[in-house]
Amino acid sequence: MAVPSSLRLLGRPSTLENSDICGLYVHSGWNEGRATYLQVGTNTALYFRNGTWVVDRYGVRDSDLAAAWAKDHRQPTPLGLAWSVWKSGAKDFVADQNLQALDAPDVTFISRRADISGEYTFAGVSEGYPYYSNGDMLIRYHHEGRKWLVAGTEHKGNNCIAYAEAQETMHPGYGFLKWHVWNASTGQWNADANCHCLAAPSVIHVLGRHPQACNARICGAYHLVGVREGRPLYLLPGKKAVIRYAPESDRWLIDFDALAEPGILGRILQWAFNGSEASDACSAYADARGSSHPGHVDLEWHIWENSQNRAVLDPCVRATSAPWKLHVSGRGQTHENGDICGEYLLVGLHKGWPAYQKPGVSMAIRREKSRWVIDREGLRDSLTCVAYASATPGFEHPGDGGSRRWHVYESCSGCHALDLAIQIRVDDPGETSGGEPNAKRQRMECPVTTSHAHFGA
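Residue numbers for the sequence shown follow our numbering, so the first one is 55 and each next one is one higher.
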């Protein structure tokens, strides 16, 4: 059963009791046949219990206590429900009409125009719909026209650079939406079948194949370039390889032959659009298992072995949406173990999870059971570490919410102590594993005015 990988609980003012239940929740499993979500950074769970949806700050448990609840409408997720929140003064639950669970994942917009392409992050809610930002660009919902708009922050109403009919969607990240882009040279809106907004990462890293093994060429950074069979299509620059979805087998395929002919860069988007015939022949595959994109570290990849004339499972190979670079900050340099701060680069996999290392030293960030750890001895099999934090379910790396509250070792006490100042963030997401930053996104101003870049509701 396909359910959103994340939800956002929104709308309760910070001045009210139990406002801390608001935030981002990630799918972590199932309870009583319904999806369970855990709040990033806390133990709070949003799940189905004894016939109702509840928000419980102590996690999934057998209890009658909760911070909020909503009546069940026989659906697998808590979207569109009316919530009641506990109020101590009333000693009862009080209806909160503003509180809502929203499916609003971050999205990637791809088009021929560099000024509107890129990753858009959730920025808020307006009239019940999410809106997204990328620098001075927004993706927002125009309620009267029932359209998703890509517009500059200076554009008002239905003025925009690109739009798509919403078709009852609650967020813009669906591959079936048809986008139109403003052409300043002709003064017209052009339907662009190669323009897409997707709830998928812009880059996926394939890691772990031994360099001397057959088809070691599959490793690298694959970039989102389009949609095929309703799923994201990724390209490995310079090698004419793609990761594509095969609906007949419900698999993700790494295919080095689909675009082997000359002129790949000029033809790839057309190939994705026109559905040119392609078989399930590939260099590697993984069963999709309902995944919306191939960058999930739990997918198992089978790699073609020429010597055996068949695909063989390689448990070391993983595809991940983890970023190329992370930055640790917040620990004072004068403090013990202050040297954990700094830049860490993706160097491969450790126990099937993305691993990061400081350039020039052995200091590494790795996954150890249910924790992310910082270890000055590098990538090893050990519980010993300089710092650790609980890993957030649903996150493949410790940055931007993927880890909860860091504890750092202090020799004076002989144990790890909580340091709330430590943060790990994704640093320069535009860079790739090749170490070369992508060209800076340039904003190309176009004359979008009320007179000629405007459409009726």
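We put the CB at the ideal spot given by N, CA and C, even for glycine.
- request: Verify whether the separation of the beta carbon atoms of H259 and N244 is less than 9 Å.
  value: Counted from its first residue, the sequence shown places residue 259 at position 205. Counted from its first residue, the sequence shown places residue 244 at position 190. Not closer than 9 Å, so no.
task: Please go through the same chain and pick out, in chain order, the residues whose beta-carbon is closer than 6 Å to the beta-carbon of L474, but skip the five residues on each side of it.
output: Here residue 474 refers to the residue found at position 420 of the sequence shown. Cβ within range, chain order: n/a, list empty.
field: At least 3 beta-carbon pairs within less than 8 Å: the region 428-443 vs the region 459-466
entry: yes
query: What's the gap between the Cα of L119 and the Cα of H81?
result: In the sequence shown, residue 119 corresponds to position 65, counting from 1. In the sequence shown, residue 81 corresponds to position 27, counting from 1. One C-alpha to the other measures close to 22 Å.
field: C-alpha distance - G189 paired with N212, whole-angstrom precision
entry: Here residue 189 corresponds to residue number 135 of the sequence shown, with the count starting at 1. Here residue 212 corresponds to residue number 158 of the sequence shown, with the count starting at 1. Cα to Cα, G189 sits roughly 20 Å from N212.
field: Backbone CA spacing between V148 and H264 [nearest angstrom]
entry: As a first step, residue 148 must be located in the sequence shown, where it is residue number 94. As a first step, residue 264 must be located in the sequence shown, where it is residue number 210. Looking at the two C-alpha atoms, the distance is approximately 58 Å.
task: State buried or exposed for G182, treating a residue as buried only when at least 16 other CB atoms are found within 10 Å of its CB.
output: On the sequence shown, residue 182 is found 128 positions in, with the first residue counted as 1. Exposed, by the Cβ-count rule.
query: Rounded to a whole number of angstroms, what is the C-alpha to C-alpha distance between R115 and Q477?
result: As a first step, residue 115 is located in the sequence shown; it is residue number 61 there, counting from the start. As a first step, residue 477 is located in the sequence shown; it is residue number 423 there, counting from the start. When rounded, the distance between both Cα atoms is 30 Å.
task: Express the C-alpha separation of K293 and H356 in angstroms, rounding to a whole number.
output: As a first step, residue 356 is located in the sequence shown; it is residue number 302 there, counting from the start. As a first step, residue 293 is located in the sequence shown; it is residue number 239 there, counting from the start. Taking the straight line from one Cα to the other gives about 20 Å.
message: To test your reading of the DSSP string, which unbroken beta strand (DSSP E) runs of 3 or more residues are found completely within the region 142-189?
response: 146-150, 154-156, 161-164, 172-180, 183-188
message: Comparing C-alpha positions only, which one of R103, W378, S239, G386 sits nearest to G274?
response: What you label residue 274 is simply residue 220 of the sequence shown in a count that begins at 1. Comparing Cα-Cα distances from G274 to each of R103, W378, S239, G386, the minimum goes to W378.
query: When the Cα atoms are used, what is the spatial distance from R420 to T374?
result: Indexing the sequence shown from 1 puts residue 420 at position 366. Indexing the sequence shown from 1 puts residue 374 at position 320. Taking the straight line joining both Cα atoms gives about 14 Å.
- prompt: Do you know how far the Cα of Y186 is from the Cα of G77?
  reply: As a working mapping, residue 77 is identified with position 23 in the sequence shown. As a working mapping, residue 186 is identified with position 132 in the sequence shown. Taking the straight line joining both Cα atoms gives about 16 Å.
query: Near R458, which residues of its chain fall below 7 Å by C-beta distance, leaving aside the five closest residues on each side in sequence?
result: Here residue 458 is taken as the residue at index 404 of the sequence shown, counted from 1. Closer than 7 Å at Cβ, skipping near neighbours: G95, A443, S444, T446.
field: Any alpha helix (DSSP H) of 4 or more consecutive residues that is wholly inside the region 280-310
entry: none
- request: With a 10 Å radius around its C-beta and 16 neighbouring C-beta atoms as the bar for buried, classify Q387 as buried or exposed.
  value: Looking up residue 387 in the sequence shown gives position 333. Classification of Q387: exposed, given that the 10 Å Cβ count is below 16.
Separation of A136 from Y299, as counted between CA atoms: Locating residue 299 in the sequence shown gives position 245, where the first residue counts as 1. Locating residue 136 in the sequence shown gives position 82, where the first residue counts as 1. When rounded, the distance between both Cα atoms is 37 Å.
message: Just list the residues that DSSP pairs I419 with in beta bridges.
response: Translated into positions along the sequence shown, residue 419 becomes position 365. For I419, which the question treats as bridged, DSSP gives the partners Y410, I428.
message: Once DSSP output is grouped into helix, strand and coil, what is the label at I193?
response: Start at 1 with the first residue of the sequence shown, and residue 193 comes out as number 139. I193 falls in the strand class under three-state DSSP.
- request: Just tell me which of N85, E222, W84, A267 has its CA closest to the CA of Q362.
  value: Here residue 362 corresponds to residue number 308 of the sequence shown, with the count starting at 1. Nearest option by C-alpha distance: A267.
message: Along the chain, where does the beta strand (DSSP E) containing R458 start, and where does it finish?
response: As a first step, residue 458 is located in the sequence shown; it is residue number 404 there, counting from the start. R458 -> beta strand (DSSP E) spans 457-464.
- request: Below 8 Å CB to CB, which residues in the same chain sit around R479 once its five sequence neighbours on both sides are set aside?
  value: Here the question's residue 479 lines up with position 425 in the sequence shown. Taken in chain order, the residues that qualify are L380, H381, S383, G453, D454.
message: For the beta strand (DSSP E) containing N85, name the first residue and the last one.
response: Locating residue 85 in the sequence shown gives position 31, counting from the first residue. Taken as a continuous stretch (DSSP letters only), the beta strand (DSSP E) holding N85 covers 77-85.
- prompt: Can you tell which of V279, E397, S424, S59 has the C-alpha that lies nearest to the C-alpha of S416?
  reply: Counting from 1 along the sequence shown, the entry for residue 416 is found at position 362. Among V279, E397, S424, S59, the Cα nearest to that of S416 belongs to E397.
message: Taking the straight line between their C-alpha atoms, what separation do you get for Y174 and G468?
response: As a working mapping, residue 174 is identified with position 120 in the sequence shown. As a working mapping, residue 468 is identified with position 414 in the sequence shown. Distance between the alpha carbons of Y174 and G468 is about 44 Å.
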